[in-house]
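Student: Shown below is the structure under consideration.
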Amino acid sequence: MTSWKRLLITGGSVFLLGLFTLLPARVIHHWVSPDALQLAGIEGTVWNGAANEAFIDGMYLQNLRWSMRPFALFTGSLAYALQAEPVGGFLDATVAVSLGGTVRVSALNAALPLQALQNVVRVDGISGDISLQMAEIRLADGWPTHAAGQAGLSNLVLRALAPAPLGNFQVEFQNTDTGVLGSVQDVSGMLKVAATLQLNPDRSYTLLGQVGPTATATPAIVEQLRFLGSPDARGLREFRTEGSL
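Residues in the sequence shown are numbered from 74 upward in steps of one, following my numbering.
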């Protein structure tokens with residue numbers, strides 16, 4: 074191919090991309106929006122715009138704003154800086170989707186009630202608030218295959234254990250050869266916890282560790298923990314739960 078033809082193709086591609094990104098976002102949403110994405114009150118363009126309301130994979134958001142990161146196109150990804158307001162919280166992140174469909178979330182800073190995730194993951198019998206400060210998360214078919222950062226759970230309630238908040242906890246995520254590993258520790262409250270959360274590529278998970286009552290634990294909590302067996306010298310009992318999603 075001669076150099077002038079390459080230049081013509083490159084110039085034409087840049088022109089078409091520029092034209093596409095300047096189209097009204099509501100038009101593009103009408104043409105190509107997937108079923109998992111529903112927007113209302115759309116303003117602006119594909120490059121830079123906003124929506125009053127959004128449903129993304131069943132998660133409800135308000136005041137969604139987006140801004141394209143064009144340099145990601147050179148790496149084969151479509152990327153946007155996003156800001157939104159889940160009910161009772163906030164979300165700020167950069168999201169990129171590769172040609173192969175892998176989703177990469179970076180610089181994620183968010184806080185929201187667990188109930189806001191009810192339609193995304195099953196949180197039956199659990200309530201509280203979650204905060205996320207994640208450097209990076211990679212998702213394949215909606216499952217995390219890579220994660221680095223920290224999550225916090227505050228005012229956590231497990232109704233099967235007690236109707237009152239159990240306390241506050243934090244999880245530090247890192248990557249291993251077998252998947253994503255989270256180190257779980259208590260921050261304050263009625264439970265002492267030291268555990269690991271393993272997320273495997275086959276969408277299975279294992280939560281394994283030790284738990285015990287603190288000085289603020291209610292008699293009901295102390296009694297419930299007895300079902301886990303005999304404590305060690307520190308008053309901690311081993312527990313394990315596993316499953317798949």
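Don't be surprised by glycine CBs; every beta carbon is placed ideally from N, CA and C.
Taking just the CA atoms, how far does Leu-172 sit from Tyr-133?
Tutor: Position 60 of the sequence shown, counted from the first residue, corresponds to residue 133. Position 99 of the sequence shown, counted from the first residue, corresponds to residue 172. Computed Cα separation, rounded: 26 Å.
Student: Any idea what DSSP makes of Thr-148, helix, strand or coil?
Tutor: Here the question's residue 148 lines up with position 75 in the sequence shown. Thr-148: helix per DSSP, three-state reduction.
Student: Can you list the alpha helix (DSSP H) stretches of 4 or more residues lying completely in the segment 253-299, in chain order?
Tutor: Runs of the alpha helix (DSSP H) spanning 4 or more residues and lying entirely within the segment 253-299 occur at 292-298, in chain order.
Student: Taking the beta strand (DSSP E) that Leu-229 belongs to, which residues open and close that run?
Tutor: The sequence position of residue 229 within the sequence shown is 156, counting from 1. Run containing Leu-229: 216-231, per the beta strand (DSSP E) assignment.
Student: Rounded to the nearest angstrom, what separates Leu-80 and Thr-148 at their Cα positions?
Tutor: Numbered from 1 along the sequence shown, position 7 holds the residue referred to as residue 80. Numbered from 1 along the sequence shown, position 75 holds the residue referred to as residue 148. Residue placement at Leu-80 cannot be trusted, given a pLDDT of 41 that sits under 50; the coordinates are not used to answer.
Student: Return the residue from the list Met-141, Leu-270, Asp-130, Leu-298 that minimises the CA-CA distance to Thr-118.
Tutor: For the purposes of this step, residue 118 is taken as residue 45 along the sequence shown, with counting starting at 1. When the alpha-carbon of Thr-118 is set against those of Met-141, Leu-270, Asp-130, Leu-298, the nearest one is in Met-141.
Student: Quickly, what does DSSP pair Trp-139 with across the bridge? List them, please.
Tutor: For the purposes of this step, residue 139 is identified with residue 66 of the sequence shown, where counting begins at 1. Trp-139 pairs with Gly-122, Leu-155.
Student: Residues in its own chain within less than 6 Å of Ala-233 by CB, not counting five upstream and five downstream?
Tutor: Your numbering for residue 233 matches position 160 in the sequence shown. Answer for Ala-233: Gly-198, listed in chain order.
Student: Anyone know if the C-beta pair for Gln-206 and Gly-222 falls short of 8 Å?
Tutor: Looking up residue 206 in the sequence shown gives position 133. Looking up residue 222 in the sequence shown gives position 149. Yes, these two residues count as a Cβ contact at 8 Å.
Student: For Asp-108, tell me which candidate among Ile-129, Asn-125, Asn-121 has the shortest Cα-Cα distance.
Tutor: Residue mapping note: residue 108 aligns to position 35 of the sequence shown, counting from 1. Per the Cα distances, Ile-129.
Student: Skipping 5 residues on each side, what residues in its chain have a beta carbon closer than 7 Å to that of Val-295?
Tutor: Translated into the one-based positions of the sequence shown, residue 295 becomes position 222. Closer than 7 Å at Cβ, skipping near neighbours: Pro-286.
Student: Using the beta-carbon count (16 or more within 10 Å), is Arg-307 buried or exposed?
Tutor: The residue you call residue 307 lines up with position 234 of the sequence shown. Under this definition Arg-307 is an exposed residue.
Student: Per DSSP, which one or two residues make a beta bridge with Arg-310?
Tutor: Within the sequence shown, numbered from 1, the residue matching residue 310 stands at position 237. Arg-310 has Val-284 as its beta-bridge partners, per DSSP.
Student: Between Gly-321 and Thr-269, how many whole angstroms is the CB-CB distance? I'm expecting something under 8 Å.
Tutor: Residue 321 falls outside the range modelled here, since the chain spans only 74 to 318, and no answer is possible.
Student: Check whether the Cβ of Val-193 lies closer than 8 Å to any Cβ atom in chain D.
Tutor: Of the chains in the structure shown, none is chain D; there is only one protein chain.
Student: Secondary structure at Ala-183, three-state DSSP: helix, strand or coil?
Tutor: By one-based count along the sequence shown, residue 183 stands at place 110. DSSP places Ala-183 in strand when its eight states are reduced to three.
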